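Engineer: First to last, the protein sequences are chains A and B. Residues in the first sequence are numbered from 896 upward in steps of one, following the numbering used here. Residues in the second sequence are numbered from 9 upward in steps of one, following the numbering used here. We put the beta carbon where it would ideally sit given N, CA and C, even for glycine. If you're wondering where the values come from, they're calculated on a predicted model, not measured in any experiment.
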Amino acid sequence: MMKISVLLFGNLAQITGTNKIELEEYTTIEEVKDYLFDKFPTFKTHVFVIAVNQKITKENLTLQNSDEIALLPPFAGG
Amino acid sequence: MEENKNTSTSSVSKKTHKVIQQGAISPLFVADSIAKHSHKTNIGAHTIFLGQVRNDLIDGKEVTEIEYTAYEEMAENEFHLIREEAFAKYDLTCMHIYHSIGKVKVGEISLFVFVSAKHRVQVFDACSYIVDQIKKRVPIWGKEILNDGSFIWKTNTPSN
């Protein structure tokens, strides 16, 4: 069974009230994004990059079991 | 099948300590760090950068503190990569980075970068490079808490 986690940070975590979502049925980044945009329509107006297993990617990767996806708003460290 | 698992690469420098620290960085800690380097007698120059929380005015309201959050594992890895790059680009003896997580009040320190080398030429450029890279690449976020209790998410620009 495919199980992946989606981590939310910054304003995305704040607007959803959660910082982790576990998903089972989705196998590509695009599918995960579609699910999230459907569940949280305000995400469509927010800027973020996607990391898979802590590596930022723009590609529509095929996901593997236990993959960790993170939605990262613009950084503000330092 | 695309391999997208994170793979570790060989390191020039070993990971010393965690960069991310809970709460503000104490000035005494900075002083102590300086003292701890006095036995490294090949060092001729240090540059220290301290990022201090500033009381910015936003829509007429003042920032009173910043609450930092981070994607910690990725942030630690990114700090390590930045450290590796700095050692590769500049002839450094030593380098330490500390970044706060949690609440840091206005006037308190949230970032401490400490760069040491034999001579001064290297340390100024290296420190500047490290701070710029941290602001661009490390997954850390800040909630700027304002004096009326409301907040706004911090954004980094080239000048701040």
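Look at the alpha carbon of K151/B and the alpha carbon of I105/B, and state the distance between them as a whole number of angstroms.
Structural biologist: As a working note, residue 151/B is residue 143 in the second sequence. As a working note, residue 105/B is residue 97 in the second sequence. Rounded to the nearest angstrom, the two C-alpha atoms are 21 angstroms apart.
Engineer: How many Å lie between T165/B and V61/B at the Cα?
Structural biologist: Counting from 1 along the second sequence, the entry for residue 165/B is found at position 157. Counting from 1 along the second sequence, the entry for residue 61/B is found at position 53. Near 15 angstroms, if we compare the C-alpha coordinates of V61/B and T165/B.
Engineer: List the residues of chain A that E81/B touches, going by C-beta distances under 7 angstroms, in chain order.
Structural biologist: To locate residue 81/B, count along the second sequence from 1; it is residue 73. Within 7 angstroms Cβ-Cβ: Q949.
Engineer: Please determine if the segment 896-906 of chain A and the segment 914-925 of chain A are in contact, where contact requires at least 3 C-beta pairs separated by less than 8 angstroms.
Structural biologist: Touching, per the Cβ criterion.
Engineer: Can you look up L931/A in the DSSP assignment and give me helix, strand or coil?
Structural biologist: Within the first sequence, residue 931/A is the residue found at index 36, counting from 1. It is helical.
Engineer: When you compare only the Cα positions, how much space is there between F159/B and T72/B?
Structural biologist: Here residue 159/B corresponds to residue number 151 of the second sequence, with the count starting at 1. Here residue 72/B corresponds to residue number 64 of the second sequence, with the count starting at 1. So the two alpha carbons sit approximately 10 angstroms from each other.
Engineer: Quick one: Cα of E10/B to Cα of I109/B, how far?
Structural biologist: If you number the second sequence from 1, residue 10/B lands on position 2. If you number the second sequence from 1, residue 109/B lands on position 101. For E10/B, the predicted model reports a pLDDT of 38, less than 50, meaning its position is unreliable; a value from the coordinates is still stated below. Cα to Cα, E10/B sits roughly 34 angstroms from I109/B.
Engineer: With 16 as the cutoff for other CB atoms within 10 Å, does A971/A come out buried or exposed?
Structural biologist: Here residue 971/A refers to the residue found at position 76 of the first sequence. Label assigned to A971/A: buried.
Engineer: Give me, in chain order, the residues of the same chain whose beta-carbon lies closer than 8 angstroms to that of I51/B; leave out the 5 immediate sequence neighbours on both sides.
Structural biologist: Residue mapping note: residue 51/B aligns to position 43 of the second sequence, counting from 1. Around I51/B: H45, T101, C102, S124, A125, K126.
Engineer: Going by C-alpha to C-alpha distance, which of Q30/B, A96/B, K143/B sits closest to K113/B?
Structural biologist: On the second sequence, position 105 is the one that residue 113/B refers to. Comparing Cα-Cα distances from K113/B to each of Q30/B, A96/B, K143/B, the minimum goes to Q30/B.
Engineer: Identify the contact partners of F970/A in chain B, using a Cβ-Cβ distance below 8 angstroms as the criterion.
Structural biologist: Reading the first sequence from its first residue, position 75 is the one you call residue 970/A. Under the 8 angstroms cutoff, chain B gives K143, K144, R145, V146, P147, I148, W149, N164.
Engineer: For G59/B, decide whether its Cβ has a neighbour in chain A, counting only Cβ atoms nearer than 8 angstroms.
Structural biologist: Sequence index remark: in the second sequence, residue 59/B carries index 51 (1-based). Yes, G59/B lies at the interface with chain A (some Cβ there is under 8 angstroms from its Cβ).
Engineer: Pull up the distance between the alpha-carbon of D873/A and that of D140/B, whole angstroms please.
Structural biologist: Any answer about residue 873/A is impossible in this case: the structure gives chain A only from 896 up to 973.
Engineer: Spell out whether any CB of chain A is found under 8 angstroms from the CB atom of L119/B.
Structural biologist: In the second sequence, the residue the question calls residue 119/B occupies position 111. So, interface residue.
Engineer: Whole angstroms is fine: what's the gap from E925/A's alpha carbon to A908/A's?
Structural biologist: Numbered from 1 along the first sequence, position 30 holds the residue referred to as residue 925/A. Numbered from 1 along the first sequence, position 13 holds the residue referred to as residue 908/A. Cα to Cα, the separation comes out at about 20 angstroms.
Engineer: Quick one: Cα of V947/A to Cα of A965/A, how far?
Structural biologist: Numbered from 1 along the first sequence, position 52 holds the residue referred to as residue 947/A. Numbered from 1 along the first sequence, position 70 holds the residue referred to as residue 965/A. Looking at the two C-alpha atoms, the distance is approximately 6 angstroms.
Engineer: Beta carbon of Q130/B, beta carbon of Y98/B: below 8 angstroms?
Structural biologist: Walking along the second sequence from the start, residue 130/B turns up at place 122. Walking along the second sequence from the start, residue 98/B turns up at place 90. Contact: yes.
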